[in-house]
Structure formats: C-alpha cells, structure tokens
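Reading through the structure tokens given below for one structure.
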Amino acid sequence: MSKPEQVWDQTWHWMADDIVYNYKKSSTSPALQLDDRTLQNLVLLEIEQLLQANQRSLRDYPSMPYPEDANCPTYLDNSLILAELNYNNEELRSEFEHLFSQMTDEQASIYNQIVEAVNKDKCVPVFEDSTCNIHQGTQLAELLNQTSLIIWDEAPMAHKFCFEALDHSLRDIIKHNSKDNTIFGGKVMVFGGDFRQILPVIPRGTRSDIVNVTINSSYLWDHCQILRLTKNMRLQNNMQATNQEETVAFAQWIIDIGDGIIGDKNDGYATIEIPQELLITEYNDPIHSIISSTFPDLSVNVQLRLLRPQGPTLSHHHNDPEYFQTRAILASTNETVQQVNDYMLTMIPGEQMEYLSSDSVDKSETIESCHFGSLTTEFLNSLTTSGYPITVSNSRLEHQ
Ligand SMILES: Nc1ncnc2c1ncn2[C@@H]1O[C@H](COP(=O)(O)OP(=O)(O)OP(=O)(O)O)[C@@H](O)[C@H]1O
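So in the UniProt record's numbering, spot 38 of the sequence shown is number 38, and the numbers just go up one at a time.
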C-alpha cells in the first residue's frame, strides 16, 4: 500500500464502529460518548496489536499516526473513568464557546493560565499525617492518574487537613516517571473561594483557632499562586436596571467591609455604619416594612385584598417565579425566617399546604438504643435546632 494514511483517513470511523458498540455493550454507560481522538487511538492500538502479531509495527509506516496512550484500553474498563468521559462533545463545545466569549479580560487571563499549567503539566496549587481512603490499583486511583486538573471550590471553608490529606494521597498514588515527591503528585489543583466569606467552623473555637486551620496556614500555601477575580459580576449584570455609579460604589463598599477597611480598629469585632439609603428608617412593624420594601407590588396587592377580600386582585406576582427568584430576605435565625415566611404566606391567596422535612432518625451510625424508639415524628418535627433547616414548610397554591 503506497499511501496508508489516505486509507486510514477514509476508513478509520468504520473500523471504530464496532469498538464503540462493544464498549457500550460491556460498560455500565450505554450512552457513552467517546471523542474522535480516543476512538482513533483505540483503532490504532488494535491495528498495532495485529501488526505486532505478524512481527510488524505501525512504526514501519512513517506516514501513519502511532497510538498515543498505551493505557487507553485498560482505563476504558474503569467505570469511574467512563462516567467522567460520558459527556456530549458537541454540546460541551458549544457551551464552552458561549461562556468563553462572555469572559471578562480578568477571567480569560486566569483561564489561560490554568490551561497553560495543565498543558505543561505544571503544578499550580492555589491529623497531621492522615491520608484519604484511596488505594493504589483501585479504579479511583486510576481515575486520578488520568486526571489533568482538579478544581476545589469554596476552599477557604474547608479545614487545611482536608487538603493536606489529599496531598499525601496524591503523592502516594500518582505514578511518576521521575522519583521526585511533587506536591499533589504533580496534578494541577485550582482552589476557588473568597476569604471574606465563610471560614472553617471550629465549635467554640477562638479567632486564632479558626485562622490556624484555614488553607493559608498550611504548608501548601507556599506553593500556591494567587490569581484574583475582582469584578463583581452579579452586580454588573444588574447595571442596566440600576444606577451605574451606585452599583460601583456598593460593590466597593462590600469589598471594603470584607477587607476590614471600614469601621474602627478591627480585631474580630467592628462597628460598621450602614449608608442611610440601605436602611428602612420609618416603620411600625419591622417584618411588614422589610417585606413591603423587598416585595413592593405584592404588598399593594395584599392591601387591596384586605380591603376587598372577594374582589379581583390587580397584581399576579405570586404566580410569577421570576419575581421571587430576583429577591430574597435573609435572616440569621430559623425563628425569624419562620416569622417572615408566615407573614408572606398571609399575603398570598390560595389553599395552604404543609410540607414536613425528613422525620426519622438515621440509626446507621449509632448503637441501637431503646431511647430512639421513643422519638416520635411529632417530637422530631417540633425541633428547631441551630444549623438545621426548618422542619415545617408551608406554601400556598392558588387554583386557577
Ligand atoms: N463573564 C461573565 N458574564 C456574564 N455573567 C457572568 C460572568 N461571569 C460570571 N457571571 C455571572 O455572575 C454570577 C456569579 O458568578 P459565580 O457564581 O461563578 O461567582 P462566584 O465567585 O463563584 O460566587 P461565590 O462567591 O458565591 O462563590 C453568576 O450569575 C454568573 O452567571
């Protein structure tokens, strides 16, 4: 054959047909999608095996591609790797192109630095001796070996030992060509998060206890390169609807609070003056006022209903999911959340439904005890414990 590469170009997808069929049949992922590169590689590996059985090799045909990854067939027996590969290339590419075109300069620059690190196989990582429960030779270890990039979001919330345990495990299970003991086994790690938000929770811990367990107190931090995203995109998306200068000033004010610049000497506690325009200063009933301010048209609607209970309502916001998706009232305790919910429900017409949260005790991690038998559903539903969601949720449904 004088031009094997031309025959290859025109026929490889036919040769790949039964490979896809067989993998779908034998795997737990019947919707498995393999990209062209992986498929070509699998066909080349099969051709190479046939040639080697006849004392030849694809290397004897310099114009032909040579299979890249000898591990390919073995990792396609791994259900964890197959699950990761099970995406629609076309859909993902078009979503990527859409999102990529929308990136700000700052986001694009960070994206490029991460992709460059992955391409160069360069490590950019943004109990004391514990490791994760991952063992050499398992499917999970193989998946980690095949992984190019690990993204860990909201990293400032996690205890530093979580990252250190992953570091120890990855050093142990990543197969290296060189013998050096690289951090995270040489994998590119991207940690996302904002230290102005929530830090790890240490029950009854002091400020220094908390600071001591965050990721930036770990030996890993010295290896991290810090990439900053400074534009508040949530507020930016609102720009058309609101005054631009006001939005910029508000974004800066939030950042200054987080950075501890606003308020007096800041040693854990500080008094912060809230600008007058953000406050509700005149009110009789605080809950009514905050609801009227957050859901303005809804309360007009309710006042009309109160005046003419049987009469038609002017506003139909209570049927409009978008109206509720764009506004929210936050409260620091379940008790206040309940009060606001109850008040809101009186404003919405329709039949009231009550939904209960999960209401049985999970005994899987406890020693069987006769006391558990006496925990009734009514008792469990009456608990409003800090840190748990409310157990009774009411909602109203209006019959059309
Ligand atoms: N380049 C962009 N163009 C348009 N909208 C964007 C852009 N980047 C982010 N957004 C929007 O800004 C909002 C916040 O983005 P995202 O949730 O990724 O931020 P985050 O920093 O992860 O937030 P958090 O602080 O909660 O972790 C989302 O609604 C997102 O769609």
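Backbone N, C-alpha and C fix where the C-beta goes; we use that ideal spot for every residue, glycine too.
Discussion item. Are there any heavy atoms of ligand 1 lying less than 6 Å away from the beta-carbon of threonine 104, as far as the coordinates show?
Written reply: yes
Discussion item. For the structure I just gave you, are there three or more beta carbon pairs, one from the stretch 156 to 173 and one from the stretch 134 to 142, closer than 8 Å?
Written reply: yes
Item to complete: Return yes when the Cβ of threonine 271 is within less than 7 Å of the Cβ of glycine 263, no when it is not.
Response: yes
Worksheet item: In three-state DSSP terms, what is glutamine 55?
Response: coil
Worksheet item: So, is alanine 53 buried or exposed, given that buried needs 16 or more other C-beta atoms within 10 angstroms?
Response: exposed
Fill in: Distance, asparagine 119 Cα to serine 79 Cα
25 Å
Worksheet entry | Rounded straight-line distance, which links the Cα of lysine 24 to that of residue 463 | Outside the shown range of the chain (1 to 400) lies residue 463, about which nothing can therefore be said.
Discussion item. Could you compute how far the alpha carbon of cysteine 123 sits from the alpha carbon of isoleucine 183?
Written reply: Residue confidence for cysteine 123 is low, a pLDDT of 49 falling below 50, so the modelled location carries little weight and cannot support an answer.
Worksheet item: Can you find at least 3 beta carbon pairs, one from the stretch 243 to 251 and one from the stretch 209 to 223, that sit closer than 8 Å?
Response: no
Worksheet item: According to DSSP, what are the bridge partners of valine 188?
Response: Answer by DSSP bridge pairing, in chain order: Leu149.
Worksheet item: Where does leucine 356 fall in DSSP's three states?
Response: strand
Item to complete: Count the other C-beta atoms from every protein chain shown that fall within 10 angstroms of the C-beta of isoleucine 151, then say buried if there are 16 or more, exposed otherwise.
Response: By the neighbour-count rule (16 or more Cβ atoms within 10 Å), isoleucine 151 is not buried but exposed.
Fill in: Alpha-carbon spacing of aspartate 285 relative to leucine 375, whole angstroms
38 Å
Worksheet item: Alpha carbon to alpha carbon, what distance is there between tyrosine 269 and residue 421?
Response: Outside the shown range of the chain, which is 1 to 400, sits residue 421, and nothing can be said about it.
Practice prompt. Run through the stretch 315 to 351 for me and flag every whole alpha helix (DSSP H) of 4 or more residues, listed as ranges in chain order.
Written response: 321 to 325 and 334 to 347
Discussion item. Distance check for aspartate 36 and residue 402, CA to CA, integer angstroms please.
Written reply: There is simply no residue 402 to check, as the chain begins at 1 and stops at 400 in what is shown.
Fill in: Classification of phenylalanine 96 by the beta-carbon crowding that lies within 10 angstroms, buried from 16 upward
exposed
Fill in: Which of helix, strand or coil DSSP assigns to lysine 25
helix
Worksheet item: Which two residues bound the contiguous alpha helix (DSSP H) that contains histidine 98?
Response: 89 to 102
Worksheet item: Looking only at its own chain, which residues have a Cβ that is under 7 Å from the Cβ of isoleucine 290, when we skip the five neighbours before and after it?
Response: Ile280 and Ile329
Item to complete: Name the residue from Asn216, Ile226 and Ile254 whose alpha carbon lies nearest to the alpha carbon of arginine 234.
Response: Ile254
Worksheet item: Would you say glutamine 40 and tryptophan 12 are within 7 Å of each other, going by their C-beta atoms?
Response: yes
Worksheet item: At what residues does the alpha helix (DSSP H) containing glutamine 252 begin and finish?
Response: 244 to 258
Item to complete: Could you have a look at aspartate 194 and say whether DSSP puts it in helix, strand or coil?
Response: coil
Worksheet item: Does ligand 1 have a heavy atom nearer than 6 Å to the CB of methionine 233?
Response: yes
Worksheet item: Does the separation of the CB atoms of glutamate 5 and serine 94 fall below 7 Å?
Response: Between glutamate 5 and serine 94, the CB-CB gap reaches or exceeds 7 Å.
Practice prompt. State the DSSP-derived secondary structure class of leucine 34, mapped to helix, strand or coil.
Written response: Coil.
Worksheet item: By the 10 Å Cβ neighbour count, where 16 or more other Cβ atoms means buried, how is valine 115 classified, buried or exposed?
Response: exposed
Worksheet item: Skipping 5 residues on each side, what residues in its chain have a beta carbon closer than 6 Å to that of glycine 185?
Response: Within its own chain, the residues whose Cβ lies closer than 6 Å to the Cβ of glycine 185, once the five positions on either side in sequence are excluded, are Leu170, Arg171 and Ile174, listed in chain order.
Worksheet item: What's the call for proline 203, buried or exposed, on a 16-neighbour Cβ count within 10 Å?
Response: exposed
Worksheet item: By Cβ distance, which residues of its chain are closer than 7 Å to threonine 147, with the 5 residues on each side in sequence left out?
Response: Residues Lys187 of the same chain have their beta carbon placed closer than 7 Å to that of threonine 147, with the five preceding and five following residues left out of the count.
Fill in: Rounded C-alpha distance that separates glutamate 322 from phenylalanine 100
26 Å
Worksheet item: Cβ atoms of leucine 199 and isoleucine 210: under 7 Å apart, would you say?
Response: yes
Discussion item. Would cysteine 132 and leucine 85 qualify as a contact pair, given that the criterion is a beta-carbon distance under 7 Å?
Written reply: Cβ atoms of cysteine 132 and leucine 85: not closer than 7 Å.
Fill in: Nearest neighbour of glutamate 46, chosen from Asp60, Gln33 and Tyr66 [CA to CA]
Comparing Cα positions, the closest option is Tyr66.
Item to complete: Identify whether tyrosine 219 lies in helix, strand or coil by the three-state DSSP scheme.
Response: helix
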